[in-house]
Every structure is written in C-alpha cells, then in structure tokens.
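A.B. asks:
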Amino acid sequence: MSQVKKFMYVNRRPPYGTIYAWESLEVVLIGAAFEQDVSLAFVDDGVFQLIKGQDTSGIGMKNFSPTYAALGDYDVTKIYVEKESLDERGLSLDDLQHLTYEDEDEDWAEKDSIQLVSRAELATIFAGQDVLFNF
Amino acid sequence: MKFTIQVNEGPYQHQASDSAYFFTKAALEKGHEIFRVFFYHDGVNNGTRLTTPPQDDRNVVNRWSELAAQHELDMVVCVAAAQRRGIVDDGEAQRNGKDATNIAPGFRISGLGQLVEGGIQSDRLVVFGD
Chain A
-5 MSQVKKFMYV NRRPPYGTIY AWESLEVVLI GAAFEQDVSL AFVDDGVFQL
45 IKGQDTSGIG MKNFSPTYAA LGDYDVTKIY VEKESLDERG LSLDDLQHLT
95 YEDEDEDWAE KDSIQLVSRA ELATIFAGQD VLFNF
Chain B
134 MKFTIQVNEG PYQHQASDSA YFFTKAALEK GHEIFRVFFY HDGVNNGTRL
184 TTPPQDDRNV VNRWSELAAQ HELDMVVCVA AAQRRGIVDD GEAQRNGKDA
234 TNIAPGFRIS GLGQLVEGGI QSDRLVVFGD
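Chains as they are written, first to last, in the numbering used here: chain A, -5 to 129; chain B, 134 to 263.
1. Considering only their Cβ atoms, is the gap separating B/S255 from B/F168 smaller than 8 angstroms?
2. How long is the line joining the alpha carbons of A/F36 and B/D189, rounded to whole angstroms?
3. So which of B/P238, B/T184 and B/G176 has the shortest CA-CA distance to B/Q133?
4. Any Cβ of chain A within less than 8 angstroms of the Cβ of B/I253?
5. Any Cβ of chain E within less than 8 angstroms of the Cβ of B/A213?
6. Just how far apart, CA to CA, sit A/T94 and A/G66?
7. Three-state secondary structure (DSSP) at A/Y14?
8. Are there 16 or more other CB atoms within 10 angstroms of the CB of B/N179, so buried, or fewer, so exposed?
9. Could you please give me the residues that DSSP links to B/T181 through a beta bridge?
10. When the distance is taken between beta carbons, is A/K(-1) closer than 8 angstroms to A/D49?
11. Please classify B/A153: is it buried, with 16 or more other beta-carbons within 10 angstroms of its beta-carbon, or exposed?
12. At the level of alpha carbons, what is the spacing between A/M55 and B/E162?
13. Would you say A/E20 lies against chain B (beta-carbon separation less than 8 angstroms)?
14. Could you pull the start and end residues of the alpha helix (DSSP H) that B/Y154 belongs to?
15. Would you verify that the beta carbon of B/Y173 is, or is not, closer than 8 angstroms to some beta carbon of chain A?
16. Which residue marks the beginning of the beta strand (DSSP E) containing B/Q247, and which one marks its end?
17. If you follow the beta strand (DSSP E) that A/T94 is part of, which residue opens it and which one closes it?
18. What alpha helix (DSSP H) runs, 4 residues minimum, are completely inside the region 182 to 226 of chain B?
19. Between A/G25, A/D101, A/K77 and A/I73, which lies nearest to A/D38 when the distance is taken from Cα to Cα?
20. Give me the Cα-Cα distance between B/M208 and B/V259, rounded to the nearest whole angstrom.
21. Of all Cβ atoms in chain B, is any one closer than 8 angstroms to the Cβ of A/E133?
22. Can you grab the Cα-Cα spacing for the pair B/N229 / A/S51, in whole Å?
23. B/G251: which of B/E225, B/E166 and B/K158 sits nearest, CA to CA?
24. With burial defined as no fewer than 16 other Cβ atoms inside 10 Å of the residue's Cβ, what is the status of B/S198: buried or exposed?
Below you can see the structure in the form of structure tokens.
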C-alpha cells in the first residue's frame, strides 16, 4: 500500500447530541497509521467541536475535546476551519483550541495546525481531494 | 470502476441503507467491482439477524445478506461502533463475555482500518448517511 491519497475528514456537526464527531475522530486516529495525506475540515456546527474549555459534566458524556490537541502527534497537521461558519455563530479563532504541531522539516518548530479559510477556498480544497469522509 | 461503500445509518429510520443497497446492486449489475461495504455509526445495526419487519415491508438486513451471498460481497461492521450498539459475533461474544450473538449472514466484524483501506484501494468511496 505505497499509494498516498489525499484524505479529508469533513466535520459538520456539533460535538455532543450525536456521536458523529467522536466516531469521526476515531477514524482519523486509526487512519493516521496508514500514512496518507490527511486533512480535517470543520464547517457549519462542526466548528463547535474545536471550542476550548468544553465541560461535559452536566450531560454525563465523555469530554473528548482534549484529543484534538494530540492530532499533531499523529502527523495530522492540516486543520481547515471555515470562516463563514465561525462568523455565523458569533465565534472567532480565539474561541477555539490552539492546535499546533512540530514541523520536522524545520527543526521541529512549533506551528499552527488550524488554517482559517473562506467557504470559496474550502470548495477548492474539497475539489483537490481523493477521498472525502463526511461526518 | 472499483467502489467502497460506507453506510452510516441503521435500517428503517433513515433511507441511507436502502439507497446504499440500491446503489451497490446497480453498480454490480453494471459490471463494477465493490471492494467493500463498510457499516459505521448506527449503520452497524444493518448487521443484526434479529430484526423482524412487518411482512409487507422490505427486509433491509436480509436484502444485504442475499446480495452478499450472490456477489461474494465483503460486508464489514466496524468493531468499535458494533461494541457500543450490541452487534455481536462469536469472537466478540467470547472476548467480551456476552451470552448471545446476533450478526447476520454475510457480515463480519472488523476494524476501522478496513474503511481507510477501502478509501485507498478503491477508485471511489461513496458515503450514504445524513
């Protein structure tokens, strides 16, 4: 399996209420072992998945949001967040977790994983993928 | 063309499994190859042999089993999703100390790597869900 494809996981739903967000993350973590060219997109209510300071104690569900901070260690370094989705929900980048990775090509310098992109830019990024997983 | 099909919803509540079934059947009839059908999220509920729909309705589970038998389809139920929702085969029953199994003929339980492999090996990965 030497072939490398561009895999994108598109997250469209809020983190709780349904299990899609958590089970999407499970695919990303397992998929990382296959050494594909992986990226994540967060659109619509999916942007709520990355909100910092999540507290699920009131709903009795596991708070899995700390897992996003580990994505850099899995070589998942491209995380696209749609700007319009943030704007429509009164959110900005400051409301999201600060996700980073260490760039092995630049002496392990710490870099931001999250890239803010417009809806139009994201459409172009979608078009360039080989495999799109929708969650 | 070589396809992998992902089914993300269970039978009856959503149309996703019906649509996936008809797509898979049509693709096979046109001479395409189905590398794998992967059941994820509530889609794993398509793999229980214990459903008993009314006689005047379609039987979603049996339909998949029959299609698999006809075409030697590889139908995989995600193990992590199955464990949460109680889809059990002999191996899982033994591993997790369960007193019954319910996996339908033609389905097997395996890991998410099978889905990712499907994406790599196939020309198209087609997702059916909401």
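Beta carbons are placed, not taken as given, at the ideal position from N, Cα and C, and that holds for glycine. Just so you know, these numbers come straight off a predicted model, no measurement behind them.
C.D. replies: From the atom records:
1. On the second sequence, residue 168 of chain B is found 35 positions in, with the first residue counted as 1. On the second sequence, residue 255 of chain B is found 122 positions in, with the first residue counted as 1. Cβ atoms of B/F168 and B/S255: closer than 8 angstroms.
2. By 1-based counting over the first sequence, the position of residue 36 of chain A is 42. By 1-based counting over the second sequence, the position of residue 189 of chain B is 56. Their backbone Cα atoms lie some 42 angstroms apart in a straight line.
3. Because chain B spans 134 through 263 in this model, residue 133 of chain B falls outside it and cannot be assessed.
4. In the second sequence, residue 253 of chain B corresponds to position 120, counting from 1. It does; some Cβ of chain A falls within 8 angstroms.
5. Judged by its chain identifiers, the structure shown contains no chain E, and its protein chains are A and B.
6. In the first sequence, residue 94 of chain A corresponds to position 100, counting from 1. In the first sequence, residue 66 of chain A corresponds to position 72, counting from 1. If I take the Cα positions, the gap works out to 6 angstroms.
7. Here residue 14 of chain A refers to the residue found at position 20 of the first sequence. Residue state, collapsed to three classes: helix.
8. Stepping through the second sequence from its first residue, residue 179 of chain B is reached at position 46. B/N179 comes out buried.
9. What you label residue 181 of chain B is simply residue 48 of the second sequence in a count that begins at 1. For B/T181, which the question treats as bridged, DSSP gives the partners B/I236.
10. Residue mapping note: residue 49 of chain A aligns to position 55 of the first sequence, counting from 1. Residue mapping note: residue -1 of chain A aligns to position 5 of the first sequence, counting from 1. Judged by their CB atoms, A/D49 and A/K(-1) are not nearer to each other than the 8 angstroms cut-off.
11. The residue labelled residue 153 of chain B in the question sits at position 20 within the second sequence. With a threshold of 16 other beta carbon atoms within 10 Å, B/A153 meets it and is buried.
12. To locate residue 55 of chain A, count along the first sequence from 1; it is residue 61. To locate residue 162 of chain B, count along the second sequence from 1; it is residue 29. A/M55 and B/E162: Cα-Cα distance of roughly 45 angstroms.
13. Counted from its first residue, the first sequence places residue 20 of chain A at position 26. Answer yes: the Cβ-Cβ gap between A/E20 and chain B drops below 8 angstroms somewhere.
14. In the second sequence, counting from the first residue as 1, residue 154 of chain B sits at position 21. Start and end: A149 to E162.
15. Sequence index remark: in the second sequence, residue 173 of chain B carries index 40 (1-based). Taking Cβ atoms only, chain A reaches closer than 8 angstroms to B/Y173, which makes this a yes.
16. Numbered from its first residue, the second sequence carries residue 247 of chain B at position 114. Where B/Q247 is concerned, there is no enclosing beta strand (DSSP E), although the alpha helix (DSSP H) it sits in stretches over G246 to Q254.
17. Stepping through the first sequence from its first residue, residue 94 of chain A is reached at position 100. A/T94 -> beta strand (DSSP E) spans T94 to D97.
18. Given a length threshold of 4 residues, each whole run of the alpha helix (DSSP H) inside the region 182 to 226 of chain B is given here in chain order: 193 to 204 and 212 to 218.
19. Taking the first sequence and counting its residues from 1, one reaches residue 38 of chain A at position 44. Measuring from the Cα of A/D38, the nearest candidate turns out to be A/K77.
20. As a first step, residue 208 of chain B is located in the second sequence; it is residue number 75 there, counting from the start. As a first step, residue 259 of chain B is located in the second sequence; it is residue number 126 there, counting from the start. For B/M208 and B/V259, the distance between alpha carbons rounds to 14 angstroms.
21. With chain A covering -5 to 129 only, the question about residue 133 of chain A has no answer from this structure.
22. Position 96 of the second sequence holds residue 229 of chain B. Position 57 of the first sequence holds residue 51 of chain A. Here the C-alpha atom of B/N229 lies approximately 28 angstroms from the C-alpha atom of A/S51.
23. In the second sequence, counting from the first residue as 1, residue 251 of chain B sits at position 118. Among B/E225, B/E166 and B/K158, the Cα nearest to that of B/G251 belongs to B/E166.
24. Numbered from its first residue, the second sequence carries residue 198 of chain B at position 65. Result: buried.
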